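Comments concern the structure below.
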Amino acid sequence: MDSASLTEQEISAAAELDEILNGLSRSQKSLSPKFFYDARGSKLFDAICELPEYYLTRTELSIMQMHIDEIATLVGPQASLIEFGSGSSLKTRMLLEKLDRLAAYVPVDISRDHLLSAAESLASDYPAVEVLPVLADFTQPFQLPNPSVMPLRNIVYFPGSTIGNFSPENAHSLLQVMHIEAGKDGALLIGVDLQKDTAIIERAYNDAAGVTAEFNLNMLSRINQEFGADFNLNRFQHSAIYNEEYGRVELNLISQCDQDVRIGGQSIHFDKGEALLTEHSHKYTLEQFCNMADRAGFAVHTVWTDSEQLFSIQYCLRV
Ligand code: AVJ
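Numbering-wise (the working numbering), the sequence shown opens with residue 238 and increments by one.
Quick look at the structure:
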């Protein structure tokens, strides 16, 4: 088949298969956490957010509820809210409701379907806000749209401790992109999960109902469906361990036996006990995050946390 006859979708599917094969060919096998989020994976993640052990979502929302008026005061009137990723989440809705005369809401996402459905639902629920979705990979600088009302400043919004999925090095680069997009007088509002007792963290990623295990294993069934692999889900086991030295949760799927998996015309061998890395979820101390923000040109202005210091929302000024 010549490349002229391939659709854009087929090209990106081929690039993703390449990425998957690459990850499976290394001595430390790994798959990107972005492969978690097919339709079923997104549903399972929503279910994770409701789990009693998963403190992140609930705690972030309660911090927002406590301090939304102060956040609105800091942001001021007529800002443009630029969300890295597109959420139709309660937190985003709270901002759309409470921020003073928003010039625009700009969700930025690489998944067209996800982006457009979130943008449509928010545009219809908040008719006073101009919603301007941007289809882009937000790890690279992108062009901002021009709202019909001139924004007084840009507020980059990155909730959910999604920053935790990036290695410290990549998190730093992402903050640099945010610095560019925030522009003059801009600011960053970001949710950051905090380092804490190992037992609390490990419970959040090893829930009693087994939803996180299902979420983790779902990556294999997605790759079976979309990329024609033949992973046997019964032969892999969920593992989530907090690595205190690196301050990160390591999600793996552990091969339960010696086995070979076929994908993209290749055969991938797994030893019994071998780990397939699916996600890192980094946790920061307030000091570590402050230093990282500082190196990317942001000064942490206000930090809000819960009474147990589980989670933080940080308001950072572009310097
Ligand atoms: C969406 C990256 C914030 O790291 O806690 C939840 C993803 N993985 N349970 C996290 C996740 C397993 C989540 N983030």
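For every residue, glycine included, the Cβ atom is placed at its ideal position computed from N, Cα and C.
If you're wondering where the values come from, they're calculated on a predicted model, not measured in any experiment.
Along the chain, where does the alpha helix (DSSP H) that runs through residue i open and close?
{"i": "Glu511", "result": "Segment: none, Glu511 is in no alpha helix (DSSP H) and carries neither H nor E."}
{"i": "Ile257", "result": "245-262"}
{"i": "Asp283", "result": "276-286"}
{"i": "Ile460", "result": "448-464"}
{"i": "Ser361", "result": "349-362"}
{"i": "Phe526", "result": "523-532"}
{"i": "Pro396", "result": "Pro396 -> no alpha helix (DSSP H), and no H or E assigned at all."}
{"i": "Ala441", "result": "435-441"}
{"i": "Glu406", "result": "405-419"}
{"i": "Glu334", "result": "327-335"}
Give a yes or no on whether the C-beta atoms belonging to residue i and residue j are separated by under 8 Å.
{"i": "Leu457", "j": "His475", "result": "no"}
{"i": "Leu470", "j": "Leu454", "result": "yes"}
{"i": "Leu554", "j": "Ala340", "result": "no"}
{"i": "Ile300", "j": "Thr542", "result": "yes"}
{"i": "Asp275", "j": "Arg459", "result": "yes"}
{"i": "Ile319", "j": "Val386", "result": "no"}
{"i": "Gly501", "j": "Leu254", "result": "yes"}
{"i": "Phe282", "j": "Phe452", "result": "yes"}
{"i": "Thr449", "j": "Tyr442", "result": "yes"}
{"i": "Ser492", "j": "Lys520", "result": "no"}
{"i": "Val371", "j": "Leu336", "result": "no"}
{"i": "Ser398", "j": "Leu352", "result": "no"}
{"i": "Thr296", "j": "Cys286", "result": "no"}
Note down, in chain order, each residue of its chain lying with its Cβ closer than 7 Å to the Cβ of residue i, except the 5 sequence neighbours on either side.
{"i": "Met238", "result": "Only weak support is given to the placement of Met238: the predicted model assigns it a pLDDT of 49, under 50, and the question is left unresolved by the model."}
{"i": "His416", "result": "Ala533, Gly534, Phe535, Arg555"}
{"i": "Pro388", "result": "Gln315, Ala316, Ser317, Ala340, Ala341"}
{"i": "Val540", "result": "Leu523, Ser549, Gln551"}
{"i": "Cys196", "result": "Residue 196 lies beyond the range of the chain shown here (238 to 556); nothing can be said about it."}
{"i": "Glu481", "result": "Thr435"}
{"i": "Met331", "result": "Met301, Ile305"}
Taking residue i and residue j to be in contact with their CB atoms under 8 Å, please state how far apart those CB atoms are, rounded to whole angstroms.
{"i": "Tyr291", "j": "Phe548", "result": "Incorrect: roughly 11 Å between the Cβ atoms, too far for contact."}
{"i": "Leu327", "j": "Leu298", "result": "6 Å"}
{"i": "Pro396", "j": "Gly428", "result": "4 Å"}
{"i": "Leu488", "j": "Ser267", "result": "Wrong, their Cβ atoms sit about 10 Å apart, outside the cutoff."}
{"i": "Leu426", "j": "Ile550", "result": "7 Å"}
{"i": "Val414", "j": "Gln377", "result": "7 Å"}
{"i": "Glu516", "j": "Asn391", "result": "That belief does not hold up - the Cβ atoms of Glu516 and Asn391 are roughly 30 Å apart, past 8 Å."}
{"i": "Asp374", "j": "Ile347", "result": "5 Å"}
{"i": "Glu418", "j": "Leu381", "result": "6 Å"}
What residue range is occupied by the uninterrupted beta strand (DSSP E) comprising residue i?
{"i": "Gln302", "result": "From DSSP, Gln302 is part of no beta strand (DSSP E) but of the alpha helix (DSSP H) over 292-312."}
{"i": "Ile491", "result": "485-492"}
{"i": "Thr542", "result": "535-542"}
{"i": "Leu554", "result": "548-555"}
{"i": "Leu426", "result": "424-430"}
{"i": "Ser476", "result": "473-480"}
{"i": "Glu545", "result": "Segment: none, Glu545 is in no beta strand (DSSP E) and carries neither H nor E."}
{"i": "Arg499", "result": "496-500"}
{"i": "Glu320", "result": "316-321"}
{"i": "Ala340", "result": "It is not in any beta strand (DSSP E) - Ala340 carries neither H nor E in the DSSP assignment."}
Note down, in chain order, each residue of its chain lying with its Cβ closer than 6 Å to the Cβ of residue i, except the 5 sequence neighbours on either side.
{"i": "Val368", "result": "Tyr342, Ala356, Leu359, Ala360"}
{"i": "Arg213", "result": "Shown here, the chain extends from 238 to 556; a query on residue 213 therefore has no answer."}
{"i": "Ala530", "result": "Val537, Cys553"}
{"i": "Leu261", "result": "Ile505"}
{"i": "Asp444", "result": "Leu288, Glu290"}
{"i": "Tyr479", "result": "Thr435, Ile438, Glu439, Val486"}
{"i": "Gln496", "result": "Arg472, Phe507"}
Comparing the C-beta of residue i with each C-beta of chain D, is any distance below 8 Å?
{"i": "Asn480", "result": "Considering every chain present, this structure includes no chain D. It has just one protein chain."}
Less than 8 Å between C-beta atoms, sequence neighbours within five positions excluded: which residues of the same chain meet that for residue i?
{"i": "Asp467", "result": "Asn461, Val498, Arg499, Ile500"}
{"i": "Asn407", "result": "Thr376"}
{"i": "His409", "result": "Met529, Arg532, Ala533"}
{"i": "Thr310", "result": "none"}
{"i": "Asp306", "result": "Lys335"}
> Which residue spans inside the segment 359-393 form an unbroken beta strand (DSSP E) run of at least 3?
Replying inline: none
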